[in-house]
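The sequence shown begins at 81 in our numbering and counts up by one. Even for Gly, the Cβ is constructed at its ideal location relative to N, Cα and C. Reading through the structure tokens given below for one structure.
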Amino acid sequence: MLEERTIHFGFEEFVDLLMLSLSTDNPLTNLVLGGSKPCTRSSCMTNSRLSNSAFISSNSGQNQMVKLIVQKSKKKLLCAQMENLFVELLLSFLTIPLGAFLHLTKDDSSQLALTNLYNSISCLRDGKYLKSEHANSELLYPKVNTSYPRVTDLLPIYALRAYTSRFLKEPATFIVSDNLEVTASSMDIISKLNTLGVPVGDMEVLEVNIGEKEAPLLLKACLSSTLALTDFLNALSEKTKGKLINLKL
Numbered sequence: 081m082l083e084e085r086t087i088h089f090g091f092e093e094f095v096d097l098l099m100l101s102l103s104t105d106n107p108l109t110n111l112v113l114g115g116s117k118p119c120t121r122s123s124c125m126t127n128s129r130l131s132n133s134a135f136i137s138s139n140s141g142q143n144q145m146v147k148l149i150v151q152k153s154k155k156k157l158l159c160a161q162m163e164n165l166f167v168e169l170l171l172s173f174l175t176i177p178l179g180a181f182l183h184l185t186k187d188d189s190s191q192l193a194l195t196n197l198y199n200s201i202s203c204l205r206d207g208k209y210l211k212s213e214h215a216n217s218e219l220l221y222p223k224v225n226t227s228y229p230r231v232t233d234l235l236p237i238y239a240l241r242a243y244t245s246r247f248l249k250e251p252a253t254f255i256v257s258d259n260l261e262v263t264a265s266s267m268d269i270i271s272k273l274n275t276l277g278v279p280v281g282d283m284e285v286l287e288v289n290i291g292e293k294e295a296p297l298l299l300k301a302c303l304s305s306t307l308a309l310t311d312f313l314n315a316l317s318e319k320t321k322g323k324l325i326n327l328k329l
């Protein structure tokens with residue numbers, strides 16, 4: 081009942097394996113036998129919707145305020161309005177090693193195959209396989225490369241010698257869509273959405289604080305969904321049992 085195959089792994093195959101590791105729980109089977117394809121923006125869209133339109137967030141002096149615009153009739157998150165510091169947090173996600181991502185977001189319910197790879201390190205650290213305890217730490221708790229600036233204090237991903245700086249040039253207001261497309265906007269977001277056919281009376285604005293407890297949930301949603309903000313809100317609402325805060329028009 082067994083069949084042995086020899087597969088050539090080139091650059092494209094490794095990229096496909098990386099994408100399948102982030103989107104399926106059996107990436108090798110899918111890669112070799114042609115099952116699920118690497119996730120794309122069109123193929124991975126889900127029907128996720130907001131389970132609650134408001135919730136409690138943690139109180140931290142370093143929290144970043146974000147305005148979320150929800151369409152009430154469809155219970156759908158339309159977009160978010162935010163300032164530089166929150167966009168810096170989003171941009172920092174692009175610099176995080178996968179090991180750090182798994183360390184920050186790991187939970188028992190995760191179906192990512194990379195979680196199994198991460199957990200396998202504990203079986204290799206008995207002195208026979210990993211060359212040193214430092215190698216173990218590099219895999220389980222990697223830091224952002226020191227060539228990148230420290231742009232946020234909401235994630236423990238920077239080495240002590242990392243320098244503090246920014247990716248963005250000057251203060252601005254940004255609009256972020258549910259799938260994390262970021263654009264700068266000088267136009268009032270409510271007026272902009274109204275011109276796109278969403279009545280003002282069908283919108284509600286939710287102000288949410290993003291702190292150290294919320295940032296890993298947002299990071300996890302960004303790497304596992306094309307509706308990242310909606311899935312982040314669902315996860316946070318579930319964590320806080322849907323308790324309401326500061327909802328206003």
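DSSP bridge partner residues for methionine 283 (one or two, in chain order): Gln151
Own chain, CB closer than 6 Å to alanine 193, minus 5 neighbours either side, in chain order: Ser101, Asp105 and Pro107
C-alpha distance - leucine 303 paired with serine 265, whole-angstrom precision: 25 Å
Supposed contact pair leucine 235 and leucine 184 - C-beta distance, whole angstroms, cut 8 Å: 7 Å
Range of the contiguous alpha helix (DSSP H) that encloses phenylalanine 94: 91-103
As assigned by DSSP and simplified to three states, the class of leucine 157: strand
Asparagine 110 to threonine 306 span [Cα, whole Å]: 20 Å
N-terminal and C-terminal residue of the beta strand (DSSP E) that isoleucine 201 is part of: Premise fails: isoleucine 201 lies in the alpha helix (DSSP H), 193-204, not in any beta strand (DSSP E).
Local Cβ density within 10 Å of cysteine 203, reported as buried at 16 or more and exposed below that: exposed
6 Å Cβ shell around methionine 242 - same chain, five flanking residues per side excluded: The question names methionine, yet the displayed sequence has alanine at residue 242. Excluding residues within five positions, the ones whose Cβ falls inside 6 Å are Thr226 and Arg230.
Rounded straight-line distance, which links the Cα of lysine 319 to that of lysine 155: 19 Å
Spatial neighbours of serine 172 in its chain, beta-carbon cut-off 6 Å, leaving aside the 5 residues before and after: Val231 and Thr232
Own chain, CB closer than 8 Å to alanine 252, minus 5 neighbours either side, in chain order: Glu163, Asn164 and Ala264
Check: proline 279 C-beta below 8 Å from any heavy atom of the ligand SAH: Looking at this structure, you won't find the ligand SAH or any other ligand, since it has none at all.
Valine 278 versus leucine 148 - alpha carbon distance: 15 Å
Residue of Tyr228, Leu170 and Leu248 minimising C-alpha distance to glutamate 261: Leu170
For aspartate 258 and aspartate 315, believed in contact at Cβ under 8 Å, the rounded distance: The amino acid occupying residue 315 in the given sequence is alanine; aspartate does not appear at that position. Not a contact, Cβ separation roughly 14 Å.
C-beta atoms of asparagine 216 and isoleucine 201 nearer than 9 Å: yes
CB contact flag (alanine 180, valine 224, <9 Å): yes
Residues bridged to phenylalanine 290 (per DSSP): The question names phenylalanine, but residue 290 in the sequence shown is isoleucine. Isoleucine 290 is bridged to Gln144.
Enclosing alpha helix (DSSP H) for serine 172 [first to last residue]: 164-172
Beta-carbon separation (whole angstroms), alanine 160 vs valine 256, contact threshold 8 Å: 5 Å
Three-state secondary structure (DSSP) of alanine 308: helix
Buried versus exposed call for threonine 86 [16 or more other C-beta atoms within 10 Å across all chains shown]: exposed
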